[in-house]
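The sequence shown begins at 0 in numbering that gives the first Met the number 0 and counts up one residue at a time. Note that CB positions come from ideal geometry on N, CA and C, so glycine has one too. In this text, all values refer to a predicted model and were calculated from it rather than measured experimentally.
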Amino acid sequence: MNSTNLVGRLTATPRLRHTPTGAAVTDLRLAVDRRSDGTDFLTVTAWNRTAEVVTEHLTTGRRIAVSGRLEQQTWTDRDSGANREKVVVVADRIDFLDAPRRADADPTAATGAPTLGDNDADDLAEASAS
């Protein structure tokens, strides 16, 4: 069974992009503390409505929980022709574990991003189901 659950903090604000077929996708960089010592930095890929919701509401430093599967990606480097590979987490579900920082008195003023509201949990649950 290929399943993983992670809790960590975003190291960068996610940016939404679209595939040639129009599917929404974003890559999150997640810092996950180890139990003993050190931190692992992982790439999490979110698709469709989940990608849209996380890019609307999450910024650097936010704490999230991710449930998903591991996927090994391989490609040929355009410049060197060398074979490359990496393992990413493909998210099935992303839960927001903390609220936006209150230091940003009005987060919509600078970024145009909405603040979290009562319907956001429904949006995220709906996104997770797709």
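- The alpha-carbon of G80 is positioned some 12 Å away from that of T73.
- Counting along the chain, T25 sits inside the beta strand (DSSP E) bounded by residues 23-32.
- Shown here for V43: same chain residues with a beta carbon closer than 6 Å to its own, the five before and five after excluded, namely L27, L29, V65, V88, A90 in chain order.
- DSSP, read as helix, strand or coil, puts N4 in strand.
- In its chain, beyond the 5 residues on either side, T38 have a beta carbon closer than 6 Å to the beta carbon of D32.
- When C-alpha distances from V53 are compared across S2, A11, P19, the shortest belongs to A11.
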